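A.B. asks: Can you keep this structure in mind? I'll have questions shortly.
Numbering (the working numbering), first residue to last: 53 to 1303.
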């Protein structure tokens, strides 16, 4: 056992057994130490020791599990030193390797591995890579949609029209995938989907009144109306206390009565509620004489209170009560077919995806929990779900189930814990520890409600089968930090925003023992600092509160981020250097020595709500001040030079006919061509690919200097070697081979930050290893794999090589800081608005409330938000803001000795006015209705500080009085910054943003009017040029021209955003599609060795050799008629091709080309005068050309189905395409194309074309 001196509550948490125990452990309360001590005492109990493998310890992360295991091992080892002969301790140390100290996913995986037979699962399964999983999902949903298109399902068609965009069906696919992800976070996704669709199956207003959505709307409206009543009561008090405002009293009392009636209607039905809200009207205020009013500020306050209520009421009516009750009913009722169809599609997707994974014998992380659940349950005779024999076995085996970070559990994990424990039996054995105020993973479907439900139900007293213990002593932070944290959260955290009332029972209690500072030359701690940057002068539209549609995503202001970082850099330098006036040095308590020492860089952390865009700017700005700083940005990996170079090399090896990656490789240290040499190569032939020209130089087709020729030969030889190697070698081995063969791994190691660069290359190698575990193979698929990884997951962070003891300032997200502590914490970017973009979705989802759609009326072509959506939107808003409140709590409680807050506001005067108004509505705390109006952390903090005695600077800024001030003993220092002040400090020129405006105002007005009219009416002559495609393929051009050949106007759709692929129901229904068979035939014709095509056996041997090299599959070989190939080579045209090949004449297969054509060929409606000289690049691939009598024969293979006697139709179809091919070949070769042929594989027949 530990020598730690435990508090009374900690000791209770360690020793209390025989019940379900919930330990509410606040930040810094020693939660992990308590959990470890509890385990140690259980397994070393002298009277009744429990083997450690009879405990199930569930942690939130693998790192936490590893740390727990290490702590337990260390504790046992210490005990063994004192009692070396203890058999119990020796046994526990031996059993530790078998201990079930694990994450929930790992535990589920173990259950599946041991009981796979229960669910008929192949035990050789593997866990799918995230990208492989994403690719499979896309494949499944695309196939499913194509099947529904083919079936002509009316419900599906209506759903597409209602919830997809005008271009394609991607929006509906995204809805199905989102709903899949969301439903899988619950234990019974099938039941959830069906039941929540059926909620829309209502007929009457009585049915509507019984829905959960009405209850939620009433709850949220009550919060708003209660806020209005408090505001009016406050205003009436001010009116009665202020001489001259008497005429206002009657009007305000009428307003108060009106909202009391609305509040009373909340207990009635929806019709009464609608009636009371729609009857809200505000009479005109009577006039008062300003010169008779004793306090003009009071006059402005009461007027602003009423204006605010009027505005918010108007918004409430607009959002939720603008339609009639019958319209509200019809919106729900008419959405039923849509929701039923969406539920059906999602269920079918779940089953199809499940089957696809079964075919490949893979599982994903969702499967782990759900398959484990499937093993642990069975149905009894009455079809009720009950524990299986496996679950009952676990209940008997585990002496205790201990759950760490319980506040972050979800419903599936809760169900699993219930099944393997005795939580619901007479001898309960579940120990749960966590802090609901630190539940910050709702985006992963964490359910803090699980913790809160038990927290509110379990008693503190002994003797119950369910019990809770509170650990609220904080052993981390100084009193200055704790008092500040307590003050802020008592003011703004409530059951409405935070899902918990932060009162004295919830507040942190000082537990840390910081020694006194007796050195007069030392500074310690100090007040919490609030630095506010005023961005006044920028154009903005101030938003008073959230509108019903959520917010538009806030545009990042890079300049202001930089200025905020400059404030941080300044404070860091001040803290690390002696005070210039007093010479005092800021110090922190050293954890090891127990003495005060000067602050180090590594003692400082900068916490950001989100690091994207912010961390890079902070790195640059703070680093420019000479401060060593490090950020785990989570981005930038794919943009590092070493990864870009290697990916370019892989692309060139896969397909050398790509100039951009080719130039990247040629200029890199891998090949080391100079810019001049690349210029010389390009001048040799401006039309060809670089690869073709370099190959030509290597083959002595072009004359260049000897040095360049040698470089070209070496590169061509290496490229050929690498390409051959890539065919047979697993991708991970091939990449490592490239590192060694090119010596690039060693090269980057010698560069600045060489270890980091090598670590980045190792990550690419590891990604290749992951890829090799998937069912996809080959270099081409690996490149696609990386592209998908980048697109689906975003960029990754570079490798991490920073050690814990590096003396640098760290920048990290608040989420990543959870569980950590730092002497000095900067919390920055607190003026950034909360992200409520999810509220804008056409369909919202909620675990308890189900589906919340917009109703789309296809006949009237309009849509509106249903009552279900309004209820869910309000619920999600409250939950999101509650999550933000908890994130703020996590940020503040990371600080041990000093907390510094920074944030920016667009208009400081307006912001402070709002804060003061909100703070003045209640003498004690900021009302929840006002907290709900906050757009950022800075708003919440500002509201609280404006009530605090130390908020005088803010109040003075707008001339507010100091009434209703709270004399809390926390200490704060506020400082306001302007852009100009920071620019001067940086020795930059501060620009007067009004200067240009002043000049404009003093200008000649008539001239300005004319200039404005001229600019507004200006039409750019070349306005369509920017919309012309830079490239167009021959097949696209052919298809467009052929389809419109009878029209008066021939155009290509140059404005389309993306290619629309032919759905599978229009392709061949059996086996591979016609298009796929055609691709295989072309591939075989490209790859066949023309020396070995004289017999069917020779051709078959070559084709099966391609299979052995993984170039073709058995299915692909069976899909083509192999007899067709020998038929071609026995034909007259085939013989002419072989003759050209055997006599050394020019033969090219699958010849790519680029050429330029006039834009008028793309769109004949364009003006010849304007666009006659505008060209567009035309690209294509020619199947085959060969030389005959110094002229060129052009050959194109066609695998289309053609009826005998209708050959002329296919000749007409491809005439335009072959004409462009002919022109391109003549331009490339400089030789005349004598004849053009189509070879029709379906008829084994050649057809000459007359162009």
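Cβ coordinates follow ideal geometry from the N, Cα and C atoms, glycine included.
No experiment lies behind these values; they were computed from the predicted model shown.
Pair every Cβ in the region 1171–1186 with every Cβ in the region 1130–1147, then say whether three or more of these pairs are closer than 8 Å.
C.D. replies: As far as the Cβ criterion goes, the region 1171–1186 touches the region 1130–1147, which means the pair count is three or higher.
A.B. asks: Between which two residues does the beta strand (DSSP E) carrying residue 497 extend?
C.D. replies: Per DSSP, residue 497 belongs to no beta strand (DSSP E) and is neither H nor E.
A.B. asks: Considering only their Cβ atoms, is the gap separating residue 1242 from residue 1187 smaller than 8 Å?
C.D. replies: Cβ distance not < 8 Å, so residue 1187 and residue 1242 don't count as in contact.
A.B. asks: Residue 908 and residue 168 look like a contact to me (Cβ under 8 Å); what is the Cβ gap, rounded to whole Å?
C.D. replies: The pair is not a contact, with the Cβ atoms about 45 Å apart (cut-off 8 Å).
A.B. asks: Check each candidate in 301, 1279, 68, 346 and name the one with the smallest Cα separation from residue 94.
C.D. replies: Comparing Cα-Cα distances from residue 94 to each of 301, 1279, 68, 346, the minimum goes to 68.
A.B. asks: Take residue 106 and list the residues in its own chain whose beta-carbon comes closer than 7 Å to its own, dropping the five residues that flank it on each side.
C.D. replies: Correct list, in chain order: 449, 450, 451.
A.B. asks: So, with DSSP's three-state summary, where would you put residue 1010?
C.D. replies: It is helical.
A.B. asks: May I have the straight-line CA-CA distance separating residue 637 from residue 498, to the nearest angstrom?
C.D. replies: Roughly 44 Å between the two C-alpha positions.
A.B. asks: Taking buried to mean at least 16 other C-beta atoms within 10 Å of its own C-beta, is residue 766 buried or exposed?
C.D. replies: Under this definition residue 766 is an exposed residue.
A.B. asks: Report all residues from its chain with a CB closer than 7 Å to the CB of residue 1115; omit the five preceding and five following residues, and keep chain order.
C.D. replies: Interpretation of residue 1115 is limited by its pLDDT of 48, a score under 50 that renders its predicted location unreliable; the figure taken from the coordinates is listed afterwards. Excluding positions up to five away in sequence, the list reads 198, 201.
A.B. asks: Which residues mark the beginning and the end of the alpha helix (DSSP H) in which residue 424 is found?
C.D. replies: From DSSP, the alpha helix (DSSP H) with residue 424 extends over 417–428.
A.B. asks: In three-state terms, what does DSSP make of residue 949?
C.D. replies: DSSP places residue 949 in strand when its eight states are reduced to three.
A.B. asks: Does residue 185 pass the burial test, meaning 16 or more other C-beta atoms within 10 Å, or should it be called exposed?
C.D. replies: The residue is buried, with at least 16 neighbouring Cβ atoms inside 10 Å.
A.B. asks: Quick one: is residue 1162 buried, meaning 16 or more other Cβ sit within 10 Å of its Cβ, or exposed?
C.D. replies: By the neighbour-count rule (16 or more Cβ atoms within 10 Å), residue 1162 is not buried but exposed.
A.B. asks: Residues in the same chain with beta-carbon distance under 8 Å from residue 594, minus the five sequence neighbours each way, listed in chain order, please.
C.D. replies: With a pLDDT of 38 at residue 594, under the threshold of 50, the predicted position of this residue should be treated as unreliable, though the coordinate-derived value follows. Answer for residue 594: 958, 959, 962, listed in chain order.
A.B. asks: Have a look at residue 1294 and residue 900 and give me their C-alpha separation to the nearest angstrom.
C.D. replies: For residue 1294 and residue 900, the distance between alpha carbons rounds to 59 Å.
A.B. asks: State the start and end residues of the unbroken alpha helix (DSSP H) segment that holds residue 1130.
C.D. replies: Where residue 1130 is concerned, the enclosing alpha helix (DSSP H) stretches over 1126–1139.
A.B. asks: Among the candidates 300, 1297, 894, 90, whose CA atom is the shortest distance from the CA of residue 338?
C.D. replies: The option with the nearest alpha carbon to residue 338 is 300.
A.B. asks: Check the C-beta distance from residue 1151 over to residue 1177 and give it rounded, since I have them as a contact under 8 Å.
C.D. replies: Right, the Cβ-Cβ distance comes to about 5 Å (below 8 Å), so this counts as a contact.
A.B. asks: Of all the alpha helix (DSSP H) runs that stay within the bounds of the region 461–510, which reach a length of 4 or more residues?
C.D. replies: List check, alpha helix (DSSP H) in window: 463–472, 500–509.
A.B. asks: Where do the ends of the alpha helix (DSSP H) carrying residue 708 lie?
C.D. replies: Premise fails: residue 708 is in no alpha helix (DSSP H) and is neither H nor E.
A.B. asks: Give the range of the alpha helix (DSSP H) segment to which residue 408 is assigned.
C.D. replies: Looking at the DSSP string, the run of the alpha helix (DSSP H) that includes residue 408 is 377–412.
A.B. asks: Closest to residue 517 by CA distance: which of 73, 1226, 1300 is it?
C.D. replies: That would be 73, whose Cα lies nearest to the Cα of residue 517.
A.B. asks: Taking C-alpha atoms, which residue in 86, 1236, 70, 71 lies nearest to residue 1317?
C.D. replies: For residue 1317 there is no data in the structure shown, the boundaries of the chain being 53 and 1303.
A.B. asks: Apply the 10 Å Cβ neighbour rule to residue 495 and answer buried if 16 or more other Cβ atoms are within range, or exposed otherwise.
C.D. replies: Answer is exposed; the Cβ neighbour count stays below 16.
A.B. asks: Do the region 876–891 and the region 658–667 touch if we need at least three Cβ pairs shorter than 8 Å?
C.D. replies: Yes: at least three Cβ pairs fall under 8 Å.
A.B. asks: Note the first and the last residue of the continuous beta strand (DSSP E) segment covering residue 860.
C.D. replies: Counting along the chain, residue 860 falls outside any beta strand (DSSP E), and DSSP gives it neither H nor E.
A.B. asks: Please name the residue in 204, 340, 1198, 258 whose C-alpha comes closest to that of residue 295.
C.D. replies: The residue with the shortest Cα to Cα distance from residue 295 is 340.
A.B. asks: By the three-class DSSP mapping on this structure, what secondary structure does residue 1293 have?
C.D. replies: In the structure shown, residue 1293 sits in coil (DSSP, three-state: anything other than H, G, I, E or B).
A.B. asks: In this structure, does DSSP put residue 1229 in helix, strand or coil?
C.D. replies: Three-state DSSP puts residue 1229 in a strand.
A.B. asks: Under a Cβ-count criterion, where at least 16 other Cβ atoms within 10 Å of its own Cβ denotes burial, should residue 825 be classed as buried or exposed?
C.D. replies: Burial call: exposed.
A.B. asks: Assign residue 379 to buried or exposed, taking buried as 16 or more other Cβ atoms, counted over all protein chains shown, within 10 Å of its Cβ.
C.D. replies: It is exposed - the Cβ of residue 379 has fewer than 16 other Cβ atoms within 10 Å.
A.B. asks: Using DSSP's beta-bridge definition, name the partner residues of residue 522.
C.D. replies: 76, per the DSSP bridge assignment.
A.B. asks: Residue 1173 by DSSP, collapsed to three states: which one?
C.D. replies: Here residue 1173 sits in coil by DSSP.
A.B. asks: Once DSSP output is grouped into helix, strand and coil, what is the label at residue 583?
C.D. replies: The answer is strand: DSSP assigns residue 583 an E or B state.
A.B. asks: So, is residue 1269 buried or exposed, given that buried needs 16 or more other C-beta atoms within 10 angstroms?
C.D. replies: By the neighbour-count rule (16 or more Cβ atoms within 10 Å), residue 1269 is buried.
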